[in-house]
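J.: Numbering (the UniProt record's numbering), first residue to last: 1 to 289.
Heads up, the beta-carbon is just placed ideally off N, CA and C, and yes, glycines get one too.
In this text the structure is predicted, and so the values were computed from the model without any measurement.
If you scroll down you'll find the structure; I have some questions about it.
Written out as structure tokens, the structure reads:
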């Protein structure tokens, strides 16, 4: 059978470098990489046009795409995972701002549907009792999934999120980090807060996994399984994972973060109904571990 060439977008994370460099290859397919900076710029054309055969994708984008019937199939291969507590900022000269103080404030976020934003809002609502409906959300980009109706306030065209924060046009922002001394993290000790959150929930907040087109999964399930095994080998070659492993591979390893993110997405009306983790995969990917 002819060797396939797969149009592919993956970020530059260390655990995929052996695949991107060609050090690790498959006998079934070759990967033709297209570079996107940032990687999330590829999500919209993948969702809307199926512009690639294989694409890294934020999990919230995938959940929303699936809810709107997009023909994509998820692989349980984490590309980006991180604790989120350091990705919230406010102005240092405004005194101390606590999570509960965000109610009634103007909070900026790149897009309301970003995965980091969904994680942070879930943390604020469920661990700190914040009423998300009482926050005035200001966004800067459209959702990747065109069918989602974004009712947030749109920032003026050309304005930068951190500059609006520094200028006092926003009270806080989510999904951003900065070393600027004029800005402070919402959580005074993000690492300690993340450790407490992990001890409570036992969940690694996964941001990006991998999707393939449904056409590829249906026509060449052997290739899709081979892709997963290739990525898994690359991760193993990159060395032992951190503890906890921020880049889980396999359906079972991703089950808890996916369950929690599904709950958060339902709470935040990003998807219309709760789905099971097993529903996110097809017959080709459901048993990958």
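In whole angstroms, what is the alpha-carbon distance linking residue 31 and residue 42?
T.: Approximately 16 angstroms between the Cα atoms of the pair.
J.: Evaluate the contact criterion for the region 248–257 versus the region 61–78: three or more CB pairs, one atom per stretch, below 8 angstroms.
T.: Output reads yes: the region 61–78 touches the region 248–257.
J.: What are the residues that DSSP puts in a beta bridge with residue 185?
T.: In the DSSP output, where bridge partners are listed per residue, residue 185 has 89.
J.: Using beta-carbon positions only, say whether residue 56 and residue 39 come within less than 9 angstroms of one another.
T.: Yes, these two residues count as a Cβ contact at 9 angstroms.
J.: Compute the Euclidean distance between the alpha carbons of residue 163 and residue 222, then round it to the nearest angstrom.
T.: Roughly 49 angstroms separates the two Cα atoms.
J.: What are the complete beta strand (DSSP E) segments, minimum 3 residues, inside the UniProt domain "SsuA/THI5-like" (41–146)?
T.: Listed in chain order, they are 54–58, 72–81, 88–91, 106–109 and 136–139.
J.: Going by beta-carbon coordinates alone, are residue 28 and residue 285 separated by less than 9 angstroms?
T.: Against a cut-off of 9 angstroms, the Cβ pair of residue 285 and residue 28 comes out as no contact.
J.: Taking residue 121 as the reference, give the member of 277, 267, 287 and 288 with the closest Cα.
T.: If we check each option's Cα against that of residue 121, 267 comes out closest.
J.: Return the chain-ordered ranges of every beta strand (DSSP E) run that is complete within the region 166–235 and spans a minimum of 3 residues.
T.: Within the region 166–235, the complete beta strand (DSSP E) runs of at least 3 residues are 172–174, 183–185 and 206–213.
J.: I'd like to know whether the C-beta atoms of residue 70 and residue 16 end up nearer to each other than 9 angstroms.
T.: Not a contact, by the Cβ cut-off of 9 angstroms.
J.: Helix, strand or coil for residue 258? Go by DSSP, reduced to three states.
T.: Three-state DSSP puts residue 258 in a helix.
J.: Based on Cα-Cα distance, which residue from 206, 117, 214 and 236 lies nearest to residue 172?
T.: Minimum Cα distance to residue 172 is reached at 117.
J.: Does the Cβ of residue 133 have 16 or more other Cβ atoms within 10 Å, making it buried, or fewer, making it exposed?
T.: Answer is exposed; the Cβ neighbour count stays below 16.
J.: Going by Cα to Cα distance, which pick from 151, 103, 229 and 107 is closest to residue 130?
T.: The shortest Cα separation from residue 130 among 151, 103, 229 and 107 belongs to 103.
J.: Is residue 9 helix, strand or coil by DSSP?
T.: Residue state, collapsed to three classes: strand.
J.: Hey, out of 257, 139 and 167, whose CA is closest to residue 91's CA?
T.: Nearest of 257, 139 and 167 to residue 91, Cα basis: 167.
J.: Residues in the same chain with beta-carbon distance under 8 angstroms from residue 3, minus the five sequence neighbours each way, listed in chain order, please.
T.: The residues are 27, 28, 29 and 30.
J.: Specify the secondary structure class of residue 32 as computed by DSSP and reduced to three states.
T.: Looking at residue 32 - three-state DSSP - the assignment turns out to be strand.
J.: Using CA coordinates, which residue listed in 208, 212, 272 and 170 is at the minimum distance from residue 97?
T.: When only C-alpha atoms are compared, the closest one is 170.
J.: For residue 274, tell me which candidate among 282, 263 and 280 has the shortest Cα-Cα distance.
T.: It is 263.
J.: Between 234, 212 and 178, which lies nearest to residue 12 when the distance is taken from Cα to Cα?
T.: Looking at the Cα atoms, 234 is the closest of the given residues.
J.: Does the count of Cβ pairs from the region 50–66 and the region 190–205 closer than 8 angstroms reach three?
T.: Result no; under three Cβ-Cβ pairs closer than 8 angstroms.
J.: Roughly how many angstroms lie between the CA atoms of residue 106 and residue 220, to the nearest whole one?
T.: Each residue's Cα considered, the two are about 48 angstroms apart.
J.: In this structure, what does DSSP give as the bridge partners for residue 4?
T.: DSSP output for residue 4 lists 29 as bridge partner(s).
J.: In terms of DSSP beta bridges, what is residue 286 paired with?
T.: According to DSSP, which records beta bridges pairwise, residue 286 is partnered with nothing at all.
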